[in-house]
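Visitor:
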Amino acid sequence: MSTPHQAPDHVIVIGGGIFGASTTEQLARKGVRTTWVTSGTLADGASGRTLAWLNSAGFRSEPYHRIRLEGISRWRDFAARVPGSQDYLRFHGGLTWAKPGQSHKERYRYERAHDYVSAWLSPEQVPGTVAAVDPAAVDPEGAIFNADEGWVDLPSVIAELRTEIETYGVTEIIENAGRCVPVVEGGRAVGVLTGTGQRIDADAVVLATGPQTPGILDELKVPMGDDSPAAFVAFTKPLDHGLTSVLNTPRVAIRPAVDGGLVMDSGWSERAMTVDEDGTPHVSDEVVTTLLQEATAVLAGHPELELDHIGMGYKPIPGDGEPVIGETDDVAGLYVAFSHSGATQGLVMGELIADEVVGGQVSELTLPFRPGRYKA
Ligand SMILES: Cc1cc2nc3c(=O)[nH]c(=O)nc-3n(C[C@H](O)[C@H](O)[C@H](O)COP(=O)(O)OP(=O)(O)OC[C@H]3O[C@@H](n4cnc5c(N)ncnc54)[C@H](O)[C@@H]3O)c2cc1C
19 MSTPHQAPDH VIVIGGGIFG ASTTEQLARK GVRTTWVTSG TLADGASGRT LAWLNSAGFR
79 SEPYHRIRLE GISRWRDFAA RVPGSQDYLR FHGGLTWAKP GQSHKERYRY ERAHDYVSAW
139 LSPEQVPGTV AAVDPAAVDP EGAIFNADEG WVDLPSVIAE LRTEIETYGV TEIIENAGRC
199 VPVVEGGRAV GVLTGTGQRI DADAVVLATG PQTPGILDEL KVPMGDDSPA AFVAFTKPLD
259 HGLTSVLNTP RVAIRPAVDG GLVMDSGWSE RAMTVDEDGT PHVSDEVVTT LLQEATAVLA
319 GHPELELDHI GMGYKPIPGD GEPVIGETDD VAGLYVAFSH SGATQGLVMG ELIADEVVGG
379 QVSELTLPFR PGRYKA
């Protein structure tokens with residue numbers, strides 16, 4: 019017989035990204051004493067350099083689709099409850115079209131069959147629905163418009179959640195703690211050793227360290243699949259662009275940024291990156307310039323885009339591409355939140371992890387995504 023779950027007195031959440039922020043906020047709401055610790059500053063990881071398109075578009079497993087839809091619905095709740103959030107969280111839909119010679123008709127039919135809000139637009143219909151797109155750039159077959167989609171600026175959300183966390187008065191926030199690792203004794207997580215040499219004891223530890231998660235688990239002999247690639251987004255300087263939706267075009271994906279600029283990435287530019295032997299990623303100026311030109315080509319009026327900066331690092335992706343959520347089989351009291359599409363799942367992830375940590379409730383939503391699936 020398994021021992022009944024005991025609510026922890028003290029939880030440590032490692033990682034200052036969106037998963038760490040939302041988990042800590044949910045724990046604070048429940049009145050749980052928590053230490054939220056991160057190696058550098060909040061939002062300095064993938065959450066600070068992401069396209070953050072809120073979506074469940076295209077083909078994927080039914081459980082993954084379901085959790086992403088829950089994710090979008092939590093963002094709508096957040097938009098309704100947080101004054102001023104329209105500055106950094108918008109639901110103006112997403113527009114997607116196929117490469118020349120390919121078709122998105124099957125994807126469109128699939129989305130409709132899975133109750134995903136999806137409309138087909140001819141190139142001529144695009145300007146009436148989506149602002150700031152050159153209809154001549156749209157594939158002649160047309161495009162899919164997903165009206166329920168949106169985008170978010172995660173550093174703004176993390177700052178808001180931090181303020182909320184502080185009002186509950188049960189959380190200590192430690193930044194610049196260096197590389198932290200869970201301390202395991204007798205098969206149980208009993209605390210964290212920070213990179214600055216501090217040992218903090220706890221009854222439960224949540225690992226929300228983005229692309230660094232598999233490496234940390236490996237040291238603890240907890241198997242985890244890792245497929246995290248080097249990735250970057252380019253941020254432009256502010257301009258009068260008029261774009262409000264997210265664009266997913268064959269050569270570039272674009273969304274508005276909070277400062278009046280644009281944020282963009284693409285599959286081809288990600289694959290053109292190089293990685294040093296020590297894992298440091300690089301991208302050439304030529305690739306970045308071409309990415310900006312691809313964005314110019316799809317925007318109405320073809321505005322000249324000026325690079326402000328790029329955000330580069332690794333994109334967290336588990337080995338099978340699906341989320342990893344919940345307590346590990348190998349170390350009791352060690353919980354993992356590790357996923358791609360973490361912008362979309364940003365808030366729901368914190369809710370699911372906090373429920374499990376505090377009440378031992380394993381949501382049906384997380385059953386296909388348990389960390390234990392990577393055991394040989
Ligand atoms: C280029 C790119 C495009 C993306 N596009 C989308 C998209 O369109 N839609 C979508 O939904 N998702 C997208 N994502 C994914 C999404 O951004 C991530 O899944 C999400 O931001 C991950 O958040 P996180 O909290 O898990 O990790 P992170 O934001 O990386 O946070 C982890 C934190 O932990 C800290 N840390 C790491 N190791 C340690 C340690 N040992 N000790 C202490 N602290 C540590 C880091 O410094 C960081 O602050 C994209 C990601 C990238 C990179």
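My numbering puts the first residue of the sequence shown at 19, with every later residue one more than the last. Even for Gly, the Cβ is constructed at its ideal location relative to N, Cα and C.
Is it the case that the Cβ atoms of T68 and V251 are separated by a distance below 8 Å?
Guide: yes
Visitor: When you measure from the CB of G38 to every non-hydrogen atom of ligand 1, does any distance come out below 7 Å?
Guide: Taking 7 Å as the cut-off, one finds at least one heavy atom of ligand 1 near enough to the beta carbon of G38.
Visitor: At which residue ranges does the stretch 243-318 contain complete alpha helix (DSSP H) runs of 4 or more residues, listed in the order of the chain?
Guide: 285-289, 303-316
Visitor: If I measure Cβ to Cβ from G63 and keep anything under 6 Å in the same chain, skipping five residues before and after, which residues do I get?
Guide: G35, G228
Visitor: Taking 8 Å as the cut-off, decide whether the C-beta atoms of P175 and G364 are in contact.
Guide: Note on residue identity: the sequence assigns Val, not Pro, to residue 175. Contact: yes.
Visitor: Does the Cβ of H300 have 16 or more other Cβ atoms within 10 Å, making it buried, or fewer, making it exposed?
Guide: Flag for H300 reads exposed.
Visitor: Closest to L107 by CA distance: which of G337, I30, D171 is it?
Guide: D171
Visitor: If I measure Cβ to Cβ from D166 and keep anything under 6 Å in the same chain, skipping five residues before and after, which residues do I get?
Guide: V135
Visitor: So, with DSSP's three-state summary, where would you put F387?
Guide: helix
Visitor: Rounded to whole angstroms, what's the CA-CA distance from L257 to I218? Just pull it up for me.
Guide: 47 Å
Visitor: Are there any heavy atoms of ligand 1 lying less than 7 Å away from the beta-carbon of H83, as far as the coordinates show?
Guide: no
Visitor: So, using beta-carbon positions, are T41 and V224 closer together than 8 Å?
Guide: yes
Visitor: Between which two residues does the beta strand (DSSP E) carrying V217 extend?
Guide: In the sequence as displayed, the identity of residue 217 is Arg instead of Val. Taken as a continuous stretch (DSSP letters only), the beta strand (DSSP E) holding R217 covers 217-219.
Visitor: Who are the Cβ neighbours of F77 in its own chain at under 8 Å, not counting the five residues just before and after it?
Guide: If you ignore the 5 residues before and after F77, its C-beta comes within less than 8 Å of the C-beta of R125, Y128, all in its own chain and listed in chain order.
Visitor: Using 8 Å as the threshold, is the C-beta distance between A70 and R206 below it?
Guide: no
Visitor: Within 10 Å of its beta-carbon, does T346 have 16 or more other beta-carbons around it, so buried, or fewer, so exposed?
Guide: buried
Visitor: Taking R269 as the reference, which of P241, V306, S302, L235 has the closest Cα?
Guide: V306
Visitor: In terms of alpha-carbon separation, which member of R47, G58, G285, Y392 lies closest to E184?
Guide: R47
Visitor: Identify which residue in P118, D105, G213 has its Cα closest to the Cα of V55.
Guide: G213
Visitor: Report the CB separation of Y332 from A248 in whole angstroms; it is logged as a contact under 8 Å.
Guide: 6 Å
Visitor: Please specify which runs of the beta strand (DSSP E), each continuous and at least 3 residues long, are wholly inside the stretch 64-114, giving them in chain order.
Guide: 112-114
Visitor: Considering only C-alpha positions, which residue in the set I272, S302, G337, D338 is nearest to A315?
Guide: Among I272, S302, G337, D338, the Cα nearest to that of A315 belongs to I272.
Visitor: Any beta-carbon of chain D closer than 8 Å to the one on A355?
Guide: No chain D appears in this structure, which consists of one protein chain only.
Visitor: Mind checking who V202 pairs with in its DSSP beta bridge?
Guide: A207
Visitor: Give the straight-line distance between the Cα atoms of G187 and G377, rounded to the nearest whole angstrom.
Guide: Cα to Cα, G187 sits roughly 21 Å from G377.
Visitor: Between the beta-carbon of L72 and the beta-carbon of T362, is there less than 8 Å?
Guide: yes
Visitor: Could you give the first and the last residue of the continuous alpha helix (DSSP H) run that contains G168?
Guide: G168 -> not in any alpha helix (DSSP H); beta strand (DSSP E) instead, spanning 168-170.
Visitor: Using a Cβ-based criterion (distance less than 7 Å to any ligand heavy atom), does I218 qualify as near ligand 1?
Guide: no
Visitor: What residue range is occupied by the uninterrupted alpha helix (DSSP H) comprising Y134?
Guide: Per DSSP, Y134 belongs to no alpha helix (DSSP H) and is neither H nor E.
Visitor: Taking C-alpha atoms, which residue in D236, E304, G243, D133 lies nearest to H83?
Guide: D133
Visitor: With a threshold of 7 Å (Cβ to nearest heavy atom), would V223 be considered close to ligand 1?
Guide: no
Visitor: According to DSSP, simplified to helix, strand and coil, what is V342?
Guide: In the structure shown, V342 sits in a strand (DSSP, three-state: E or B).
Visitor: Please report the residue range of the alpha helix (DSSP H) in which D373 lies.
Guide: 364-377
Visitor: At a cut-off of 7 Å, is A207 close to ligand 1 when judged by its beta-carbon and the heavy atoms of the ligand?
Guide: no
Visitor: When the distance is taken between beta carbons, is T21 closer than 8 Å to A75?
Guide: Taking 8 Å as the cut-off, the Cβ atoms of A75 and T21 do not count as close.
Visitor: Which whole-angstrom value is the C-beta distance of F37 and G111, which I expect to be below 8 Å?
Guide: Contact flag wrong, Cβ pair sits at about 25 Å.
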